[in-house]
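Numbered as in the working numbering, the sequence shown ends at 1188 without a single skipped number.
Cβ coordinates follow ideal geometry from the N, Cα and C atoms, glycine included.
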Amino acid sequence: SRQHIFDYIQSLAEQGTTILYTSHYMEEIETLCKRVFILDLGEEVAYGTKEEVKKLVGHTQTVALTLDRVPDGFDEVLKNSENGIQFVTVDGQDVELTIDQTIFSMMKLIEQVEQAQLVIKSVNVKETTLEEAFLQLTGKTLRD
């Protein structure tokens, strides 16, 4: 099974064996690999540890909010807030922000939510994943 293969690869790596592992599935790379080499159309895009590759896209994080409601145009209000918000996606009551953590202020975001008379149900801050780094470095979606 797939899990047995992963376990075997991890045991080989723990024994000091160098393994060249290729995949389009970044969650596999996150789990199995120490170093990452990203190619796009045959050209090197990035190489280094997972942490080094993630840092290449800057100091970004994802802030996920669940609000009581999201009024039309609120995503544009957030994008234009000069609060280090680079991307905004809205799905129902869920709002996902890609932020520059060197500029972003959570207090400013909370003020904007309060000014719009919205209620925050939950907040989650996530570090940049390899998949997000890949997408930003290549400007493309994952291809099979």
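When you compare only the Cα positions, how much space is there between residue i and residue j?
{"i": "V1143", "j": "V1097", "result": "Sequence check: residue 1143 is Ile here, not Val. Distance between the alpha carbons of I1143 and V1097 is about 17 Å."}
{"i": "D1188", "j": "F1131", "result": "Note that D1188 has pLDDT 42, beneath the 50 cutoff, so the model's placement of it is unreliable and the number below is only indicative. Cα to Cα, D1188 sits roughly 25 Å from F1131."}
{"i": "V1189", "j": "A1108", "result": "Nothing about residue 1189 can be reported from this structure: the residues present for the chain run from 1045 to 1188 only."}
{"i": "V1169", "j": "V1139", "result": "12 Å"}
{"i": "E1126", "j": "I1164", "result": "21 Å"}
{"i": "T1093", "j": "N1124", "result": "34 Å"}
{"i": "G1128", "j": "E1087", "result": "30 Å"}
So the beta strand (DSSP E) residue i belongs to, where does it begin and stop?
{"i": "E1007", "result": "This structure leaves residue 1007 out entirely; the chain is present only between 1045 and 1188."}
{"i": "I1154", "result": "Looking at the DSSP string, I1154 is not in any beta strand (DSSP E); the run it does join, the alpha helix (DSSP H), is M1150 to Q1159."}
{"i": "I1143", "result": "D1138 to D1144"}
{"i": "T1110", "result": "T1104 to L1111"}
By the DSSP assignment, the alpha helix (DSSP H) with residue i in it spans what residues?
{"i": "E1058", "result": "R1046 to E1058"}
{"i": "D1119", "result": "F1118 to K1123"}
Given a threshold of 16 other Cβ atoms within 10 Å of its Cβ, counted over all protein chains shown, does residue i qualify as buried or as exposed?
{"i": "T1146", "result": "exposed"}
{"i": "T1172", "result": "buried"}
{"i": "F1178", "result": "buried"}
{"i": "M1150", "result": "exposed"}
{"i": "G1060", "result": "exposed"}
{"i": "L1064", "result": "exposed"}
{"i": "F1050", "result": "exposed"}
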